[in-house]
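Here's the structure, in structure tokens; my notes come after.
Residue numbers (the working numbering): 200 to 609.
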């Protein structure tokens, strides 16, 4: 089954500049293993087993994490279990939002908290965990079985706390970075708790790895859009509400992986475009004007779901004048027509576009989409000769925030 395909690619983006040598470099890159995760079956089974154990005692699972420790799980839930009320994510340290979210959880004796941090030292996540712990203590509900920790296996503040309190741990492999950790317990534990079929998700990831030619095509088109066409903004326009969170995940993956000051030789790194996730048809009524008639600095990749054309209610008799064209049509047909029309309009305005189409919103297709996107970013990192797996630009802000709090009066 063809789970994913790239179509309607502008001729200027068709050259296969990302080659097998870049694939081989990626696969053999020391300390990088995200592409091997579909083969590490024990990780998937461990997440499934832990989810089943938690379900025996708790009705709700709350993930405490931020960035790569949260967006992967959120992406899986939004696309594959959008109606689920069983899993929630608390990310930010916004005090008002935090208060509302915790109060809305209701009976905390029925809530299991999963604390996720690859480094084990993420100050936002640790601070939120401290706040949750204090609420539980105030209600005499703090027990070690109320928590699961997902982190690196080594010693860090989070795992030290877990071991001191006999809290269960699931480990993120050392060769997997946070933003590449969807197919570890980071994403798999909440997905399994929500009832998502992990085996089918894993099969989709494997499909991506088996279709090397497609990965080279996708990476080449994305790379050429900024390296040759000099488009400084990469728009990911998802025509599915359930893929909006995927767009946010893509934004982090692209931005943190590819925007670097220096390359692997410590020379000035090539510049890369800025990711901009949009959703259709909503953003046709907010951002389309800018993309169409604003500065010609954008490339638009349309993410579409093929099965949507035959989905949705059929309008048998249009109520309103001017809507006659919808007679006998389904909402899915309107969505797909708007995606095509928007793409054609942008082409008319000189904006280069392409279509990344998934067959349906299923675990297999989403698994293929996620792995393909990770591979594309990894391959672009190889042709740019940069380290796509660190984020040095994030560290200064962390240090300054800690310094400000340490030095200020309480």
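Each residue gets a CB set at the ideal place from its N, CA and C atoms; glycine is no exception.
Excluding the five sequence neighbours on either side, which residues of its own chain have a C-beta within less than 7 Å of the C-beta of residue 576, listed in chain order? Contacts found: 452, 453, 456, 457 and 587.
Exercise. Is residue 352 buried or exposed, if buried means 16 or more other CB atoms sit within 10 Å of its CB?
Worked result: Taking all protein chains shown into account, residue 352 has fewer than 16 neighbouring C-beta atoms within 10 Å of its C-beta and is therefore exposed.
Legend entry - Nearest-angstrom beta carbon gap, residue 383 and residue 368 [assumed within contact, 8 Å]: Going by Cβ atoms, the distance from residue 368 to residue 383 rounds to 13 Å, so no, they are not a contact pair.
Problem - Cβ neighbours of residue 370 in the same chain (closer than 6 Å, five flanking residues each side left out) - result: Around residue 370: 352.
### Query
In chain order, what residues of the same chain lie with their CB nearer than 7 Å to the CB of residue 290, ignoring the 5 residues before and after it?
Excluding residues within five positions, the ones whose Cβ falls inside 7 Å are 264, 265 and 269.
**Study point:** Buried versus exposed call for residue 347 [16 or more other C-beta atoms within 10 Å across all chains shown]
**Key:** With 16 or more Cβ atoms within 10 Å of its Cβ, residue 347 is classed as buried.
_Cutting at 7 Å between CB atoms, please list the residues of its own chain near residue 408, excluding the five before and the five after it._
These residues qualify, in order along the chain: 234, 237 and 570.
Requested in this report: For the stretch 321–357, list the beta strand (DSSP E) runs that are entirely contained and at least 3 residues long, ordered along the chain.
Outcome: With a minimum length of 3 residues, the continuous beta strand (DSSP E) runs that stay inside the stretch 321–357 are 346–350.
*Just list the alpha helix (DSSP H) runs in the stretch 207–249, keeping only unbroken ones of 4 residues or longer that don't cross its boundaries, in chain order.*
Those alpha helix (DSSP H) runs which fall completely within the stretch 207–249 and span 4+ residues are 219–226.
Cβ of residue 556 within 8 Å of any heavy atom in the ligand NAD?
In the structure shown, the ligand NAD is absent, as is every other ligand, since no ligand is present at all.
Item to complete: Examine the Cβ distances between the stretch 430–438 and the stretch 492–502 and report whether three or more of them are shorter than 8 Å.
Response: Yes, the stretch 430–438 is in contact with the stretch 492–502.
Fill in: Beta bridge counterpart(s) of residue 201 as assigned by DSSP
None, per the DSSP bridge assignment.
Could you spell out where the beta strand (DSSP E) holding residue 436 opens and where it closes?
Residue 436 -> beta strand (DSSP E) spans 432–437.
Using a Cβ distance threshold of 8 Å, determine whether the stretch 527–536 contacts the stretch 577–596, with at least three qualifying pairs required. These segments do not touch.
Open item on the list: DSSP three-state label for residue 367, please.
Closed with: Residue state, collapsed to three classes: strand.
Should residue 518 be labelled buried (16 or more other beta-carbon atoms within 10 Å of its own) or exposed?
When all chains shown are included, residue 518 counts as exposed.
Checklist entry - Is the distance from the Cβ of residue 211 to the Cβ of residue 427 below 9 Å? => result Between residue 211 and residue 427, the C-beta spacing is below 9 Å.
Give me the Cβ distance between residue 327 and residue 292, rounded to the nearest whole Å; I'm assuming they're in contact under 8 Å. Rounded, the Cβ-Cβ distance is 6 Å, consistent with contact.
Using a Cβ-Cβ cutoff of less than 6 Å, which residues in the same chain neighbour residue 343 once the five nearest sequence positions on both sides are dropped? The beta carbon of residue 343 sits closer than 6 Å to the beta carbons of 364, 365 and 366 from its chain, once the five residues preceding and following it are set aside; these are given in chain order.
| message | Could you compute how far the alpha carbon of residue 578 sits from the alpha carbon of residue 522? | response | Approximately 46 Å, taken between the alpha carbons.
| With distances taken between CB atoms, is the gap from residue 559 to residue 506 smaller than 9 Å? | The answer is yes: Cβ separation under 9 Å.
Are three or more beta carbon pairs between the stretch 594–605 and the stretch 399–417 nearer than 8 Å?
-> Verdict: no, contact absent.
- Message: Between the alpha carbons of residue 593 and residue 494, how many angstroms are there, rounded?
- Response: Rounded to whole angstroms, the gap between the alpha carbons of residue 593 and residue 494 is 29 Å.
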